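Number 54 in the numbering used here belongs to position 73 of the sequence shown; there are no gaps in the numbering.
Yeah, the Cβ is synthetic: ideal placement off N, Cα and C, and Gly gets one too.
Predicted, not measured: the structure shown is a model, and the values here were computed from it.
A quick write-up on the structure given underneath.
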Amino acid sequence: MTLEALIFDVDGTLADTEAAHMAAFNEAFSQEGLDWRWDRPLYTRLLDISGGKERMLHYWRQVQPGLTDIGHGVRDTVERLHDMKTAAYERAVRQGAVQLRPGVLRLIEAASGAGLRLAIASTTSPVNIAALLREAIGPDWRHHFTVVEDASTAPRKKPDPLVYRQTLARLALPAAACLAFEDSANGLAAARAAGLATVVTPTGFTADHDFTGALRVLPDLSGVSLAHLRAWHAEAGGRA
-18 MTLEALIFDV DGTLADTEAA HMAAFNEAFS QEGLDWRWDR PLYTRLLDIS GGKERMLHYW
42 RQVQPGLTDI GHGVRDTVER LHDMKTAAYE RAVRQGAVQL RPGVLRLIEA ASGAGLRLAI
102 ASTTSPVNIA ALLREAIGPD WRHHFTVVED ASTAPRKKPD PLVYRQTLAR LALPAAACLA
162 FEDSANGLAA ARAAGLATVV TPTGFTADHD FTGALRVLPD LSGVSLAHLR AWHAEAGGRA
């Protein structure tokens, strides 16, 4: 089957965003007067939990084991923290703290020019996606992507395959006509569960993840051409 579309995760895949996210969480905790501080080893472990709000709830339960009733007060605090964190992350992006990973923009432009359809399948917020890509690609970033699925449209986080299944449905393409791009074990599991062959480019935060079943595991996308992608896609033969 011919390769017709490329589907990208965002955080860690299009850009190495996690250090900026970690700093933004810590800024929010400080603004709220909390003594929480996430360092790199802790945040690396917390990335096993998909979703910023889910990550904070998981950590809250760790530091306060008696927290069993997740009532309105807890949820309101998490929502407020997440809003502050998002604002801090947007400021960092505007100040140039995050750039696209090597090879990403060139591959996006080459694929668009060759008539391949591009999509985003992320369970991060639409605000985070827009902030990053507006700065990295430009105000017309949306023109590159036929479909954008995010936390507002896919409420179940990876490794649940919902976001990929919805992306495929909106593309009106079978999984066998697409390639997915991910950086984490949760992302790989979600893509493969949706039937997608997946190219993985780990970051320093996900380098120790198990990527068994990936079509390719690469340091980044520099040096990767459409010819490579088409050859790898043919090699997969429609298998996830």
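TODO: State buried or exposed for residue 130, treating a residue as buried only when at least 16 other CB atoms are found within 10 Å of its CB.
DONE: Flag for residue 130 reads buried.
Task: Cα-Cα separation between residue 139 and residue 102, rounded to whole angstroms - done: Their Cα atoms are separated by approximately 10 angstroms.
Open item on the list: Under 8 angstroms: do the stretch 3 to 17 and the stretch 51 to 66 share three or more Cβ pairs, one atom per stretch?
Closed with: Yes, since at least three Cβ pairs between the stretch 3 to 17 and the stretch 51 to 66 fall closer than 8 angstroms, the two stretches touch.
Task: C-beta contact flag for residue 185 and residue -10 at 7 angstroms - done: Not closer than 7 angstroms, so no.
Open item on the list: Could you check whether residue 221 and residue 149 sit closer than 7 angstroms to each other, using their CB atoms as the reference points?
Closed with: In this structure, residue 221 does not lie closer than 7 angstroms to residue 149 by Cβ.
Task: Neighbour-count burial assignment, residue 46, 16 or more Cβ in a 10 Å radius - done: That one is exposed.
Task: Enclosing beta strand (DSSP E) for residue 89 [first to last residue] - done: Segment 85 to 94 is the alpha helix (DSSP H) holding residue 89; no beta strand (DSSP E) there.
Task: Range covered by the beta strand (DSSP E) that runs through residue -6 - done: Here residue -6 belongs to no beta strand (DSSP E), and DSSP marks it neither H nor E.
Open item on the list: Suppose you measure from the CA of residue 217 to the CA of residue 17; what does that come to, to the nearest Å?
Closed with: When rounded, the distance between both Cα atoms is 45 angstroms.
TODO: Taking all protein chains shown into account, decide if residue 44 is buried (16 or more other Cβ within 10 angstroms of its Cβ) or exposed.
DONE: Flag for residue 44 reads exposed.
Open item on the list: Does residue 104 pass the burial test, meaning 16 or more other C-beta atoms within 10 Å, or should it be called exposed?
Closed with: Buried, by the Cβ-count rule.
Task: Length of the line joining the Cα atoms of residue 89 and residue 54 - done: Using only the alpha carbons, I get a separation of about 43 angstroms.
- [ ] For residue 179, name the three-state secondary structure that DSSP assigns.
- [x] In this structure, residue 179 counts as strand in the three-state DSSP scheme.
TODO: Following the continuous beta strand (DSSP E) through residue 79, name the residue where it begins and the one where it ends.
DONE: Counting along the chain, residue 79 falls outside any beta strand (DSSP E), and DSSP gives it neither H nor E.
Open item on the list: By DSSP's criteria, residue -13 is part of a beta bridge. Which residues make up the other side?
Closed with: Residue -13 is bridged to 99 and 160.
Open item on the list: Taking the alpha carbon of residue 108 as the reference point, which residue from 132, 151, 96 and 86 has its own alpha carbon closest?
Closed with: The shortest Cα separation from residue 108 among 132, 151, 96 and 86 belongs to 132.
Task: Residue nearest to residue 113 in terms of C-alpha spacing, selected from -6, -12 and -18 - done: Residue nearest to residue 113 within the set -6, -12 and -18 is -6 (criterion: CA-CA distance).
TODO: Work out the CA separation of residue 42 and residue -18 for me, nearest whole Å.
DONE: Roughly 47 angstroms separates the two Cα atoms.
- [ ] Pick helix, strand or coil for residue 130, following the three-state DSSP scheme.
- [x] Looking at residue 130 - three-state DSSP - the assignment turns out to be strand.
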